[in-house]
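J.: Chains as they are written, first to last, in the working numbering: chain R, 897 to 1014; chain B, 897 to 1014; chain P, 897 to 1014; chain Z, 897 to 1014.
Built from N, CA and C at the ideal position, the CB exists for glycine as well.
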């Protein structure tokens, strides 16, 4: 087992105590942090809540930490984040492809089933 | 305030005790349940963890409940789901557009900033 | 399978856009809503993030919805909640005891192991 | 701002693909890992879903990573965890007291209100 597990994550960060209900400026700030991290990430289309991120666990964690730092620096006294993070040892996760791969599997199953219905 | 708040959600369902590490068949099962619900949903591209779903709170909740029922019926003795759910009363959420809207706002901010850099 | 599955949940509600970093007043508001719901719940000791709640799925969902309504009424334009919710069909969950039961099992295992170490 | 923010977290780990619906053995394994970490943690009473953990962000993250490693080593091919993690820069968090503090504030508000009702 690697000493730094490969992690596929999805996180949702919420700035607190800002007095504004819009979070878009803060999320944009996070996106800049993630761009610098060099990790594979996606502010997911159709999913305003989650940002996908994957890579070695320690780097994924550091990137989210740095988003907190950036959002604090932008004025939020508190930041709360929900992180869903998964690791697996039963097969290699294609680097940078962990999240995409899972969606494709579901689509294949549904496509096969639709084909079988004819 | 409406008696049934409009909810923008993102959920991640995990079948437990199935003896298989793949969850794709179960997620496909959920997708069939969601198709029947008539709600706006998206098994998000690039996000194998979350399924976006929005509509009146009670219907969103019922649809996720019915995913549990379907996944139990398919053989999972336990099902654990993480739901991120948001409501707002400061503006109308465009029906079926709550999640898309949020992503667009972030993109506009980043685009404006990039333009300003030239 | 019951048409309304028994659910053991744990939720964390965050008022947004309030201009205050303290959330205690809002959480207290939720506690009042939960008291009226008649469901088994606990603002967990040692866990400022989660409130445990269990009962029929539809009632658990309704109670959390009503917390959102109460927190909006108290002035928060947006409310974001993370809900972890589980159901099982492999054994009956002792009513009002789903969360306690799980902790006890972990304690038994550790106690047994410590005893074995002597 | 410290380069390693103080984090108050609550996580819920789910072993996947184990063929058993009980997770108690795995959670006990995590508890052993956390005991070695030296961090403040609590497998919360009345909350079978969450384990509270707090300390410097990097150490909290490392401890959860090590739980994944331990659960994989015990046989789970996949592990999925939901982490709620918060940081704040508006006041010092009493070391090892971040979660307790929040619960106490809610209790004070409710007690004050009950007293006022007489």
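Grab me the residues of residue 903 of chain R's own chain with a C-beta within less than 6 Å of its C-beta, minus the 5 sequence neighbours each way, in chain order.
T.: Taking the first residue of the first chain as 1, we reach residue 903 of chain R at position 7. 953, 956, 981, 983, listed in sequence order.
J.: Using 8 Å as the limit for Cβ to Cβ distance, is residue 913 of chain P near chain C?
T.: Note that chain C does not occur in the displayed structure, where the protein chains are R, B, P and Z.
J.: Name, please, each residue of chain B whose Cβ falls closer than 7 Å to the Cβ of residue 930 of chain P.
T.: In the third chain, residue 930 of chain P corresponds to position 34, counting from 1. By Cβ distance, chain B contributes nothing, its closest Cβ being about 17 Å from residue 930 of chain P, past 7 Å.
J.: Just to make sure I have the definition right: I need the residues of chain R whose C-beta is within less than 7 Å of the C-beta of residue 916 of chain P. Which are they?
T.: As a working note, residue 916 of chain P is residue 20 in the third chain. Ordered by position in chain R, the residues that pass the 7 Å Cβ test against residue 916 of chain P are 913.
J.: Tell me whether the beta-carbon of residue 950 of chain Z lies closer than 8 Å to the beta-carbon of residue 936 of chain Z.
T.: What you label residue 950 of chain Z is simply residue 54 of the fourth chain in a count that begins at 1. What you label residue 936 of chain Z is simply residue 40 of the fourth chain in a count that begins at 1. At the C-beta level, residue 950 of chain Z and residue 936 of chain Z come within 8 Å of one another.
J.: Return the chain-ordered list of same chain residues with a C-beta closer than 8 Å to the C-beta of residue 912 of chain B, the five sequence neighbours on each side being excluded.
T.: Sequence index remark: in the second chain, residue 912 of chain B carries index 16 (1-based). Within the same chain, residue 912 of chain B has close Cβ partners 972, 973, 974, 975, 976.
J.: Return the first residue and the last residue of the beta strand (DSSP E) that residue 903 of chain B is part of.
T.: Position 7 of the second chain, counted from the start, is the residue given in the question as residue 903 of chain B. Start and end: 902–912.
J.: Using a Cβ cut-off of 7 Å, pull out every chain P residue sitting near residue 987 of chain R, in sequence order please.
T.: As a working mapping, residue 987 of chain R is identified with position 91 in the first chain. Under the 7 Å cutoff, chain P gives no residues; its nearest Cβ is about 27 Å from residue 987 of chain R.
J.: What residues in the segment 960–987 of chain P bring their beta carbon closer than 7 Å to a beta carbon of chain R?
T.: Correct list: 973, 974, 976, 978.
J.: Pull up the distance between the alpha-carbon of residue 932 of chain P and that of residue 928 of chain Z, whole angstroms please.
T.: For this step, residue 932 of chain P is matched to residue 36 along the third chain. For this step, residue 928 of chain Z is matched to residue 32 along the fourth chain. Their backbone Cα atoms lie some 39 Å apart in a straight line.
J.: Show which residues of chain P have a CB atom less than 7 Å away from the CB atom of residue 901 of chain B.
T.: Start at 1 with the first residue of the second chain, and residue 901 of chain B comes out as number 5. Near residue 901 of chain B (Cβ distances below 7 Å), the residues of chain P are 961, 964, 965.
J.: Which residues mark the beginning and the end of the beta strand (DSSP E) in which residue 916 of chain P is found?
T.: On the third chain, residue 916 of chain P is found 20 positions in, with the first residue counted as 1. DSSP places residue 916 of chain P outside any beta strand (DSSP E), giving it a letter other than H or E.
J.: Taking the alpha-carbon positions, what's the residue 919 of chain Z to residue 897 of chain B distance?
T.: The residue labelled residue 919 of chain Z in the question sits at position 23 within the fourth chain. The residue labelled residue 897 of chain B in the question sits at position 1 within the second chain. Roughly 41 Å between the two C-alpha positions.
J.: Taking the continuous beta strand (DSSP E) assigned at residue 976 of chain Z, which residues delimit it?
T.: Here residue 976 of chain Z refers to the residue found at position 80 of the fourth chain. Element bounds for residue 976 of chain Z: 974–984.
J.: If we define contact as Cβ-Cβ less than 8 Å, is residue 921 of chain B a contact residue for chain R?
T.: Against the second chain, residue 921 of chain B aligns to sequence position 25. Yes, because at least one Cβ of chain R sits closer than 8 Å to the Cβ of residue 921 of chain B.
J.: Would you tell me roughly how many angstroms separate the C-alpha atoms of residue 901 of chain B and residue 948 of chain P, rounded to the nearest one?
T.: For the purposes of this step, residue 901 of chain B is taken as residue 5 along the second chain, with counting starting at 1. For the purposes of this step, residue 948 of chain P is taken as residue 52 along the third chain, with counting starting at 1. Rounded to the nearest whole angstrom, the C-alpha separation of residue 901 of chain B and residue 948 of chain P is 22 Å.
J.: Please name the residue in P:969, P:939, P:1008, P:914 whose C-alpha comes closest to that of residue 905 of chain P.
T.: Residue mapping note: residue 905 of chain P aligns to position 9 of the third chain, counting from 1. Out of P:969, P:939, P:1008, P:914, P:939 has the C-alpha closest to the C-alpha of residue 905 of chain P.
J.: Just to confirm, does residue 916 of chain B get its C-beta within under 7 Å of one of the non-hydrogen atoms of the ligand HEM?
T.: Inclusion of the ligand HEM in the displayed structure is not the case, the ligand content being empty and no account of it being possible.
J.: Looking at the C-beta of residue 946 of chain B, does it have a partner C-beta in chain R at a distance below 8 Å?
T.: Position 50 of the second chain, counted from the first residue, corresponds to residue 946 of chain B. Closer than 8 Å: yes.
J.: Less than 8 Å between CB atoms is the rule here; does residue 933 of chain B satisfy it with respect to chain P?
T.: Position 37 of the second chain holds residue 933 of chain B. No, residue 933 of chain B lies away from the interface with chain P (no Cβ there is under 8 Å from its Cβ).
J.: Tell me, please, which residues DSSP counts as bridged to residue 951 of chain P.
T.: Within the third chain, numbered from 1, the residue matching residue 951 of chain P stands at position 55. P:903.
J.: Could you confirm whether any beta carbon from chain P is found closer than 8 Å to the beta carbon of residue 910 of chain R?
T.: Counted from its first residue, the first chain places residue 910 of chain R at position 14. With 8 Å as the cut-off, residue 910 of chain R counts as an interface residue toward chain P.
J.: What did DSSP end up calling residue 970 of chain R once you bin it into helix, strand or coil?
T.: Residue 970 of chain R sits at position 74 when you count from the first residue of the first chain. Coil, per DSSP.
J.: I'd like to know whether the C-beta atoms of residue 899 of chain B and residue 986 of chain R end up nearer to each other than 8 Å.
T.: As a working note, residue 899 of chain B is residue 3 in the second chain. As a working note, residue 986 of chain R is residue 90 in the first chain. Taking 8 Å as the Cβ cut-off, residue 899 of chain B and residue 986 of chain R do not qualify as a contacting pair.
J.: Please report how far the alpha carbon of residue 968 of chain B lies from the alpha carbon of residue 958 of chain R, in whole angstroms.
T.: Your numbering for residue 968 of chain B matches position 72 in the second chain. Your numbering for residue 958 of chain R matches position 62 in the first chain. Distance between the alpha carbons of residue 968 of chain B and residue 958 of chain R is about 37 Å.
J.: Given this structure, state the Cα-to-Cα distance separating residue 961 of chain Z from residue 922 of chain B, to the nearest angstrom.
T.: Counting from one through the fourth chain, the residue named residue 961 of chain Z turns up at place 65. Counting from one through the second chain, the residue named residue 922 of chain B turns up at place 26. Whole-angstrom Cα-Cα distance: 26 Å.
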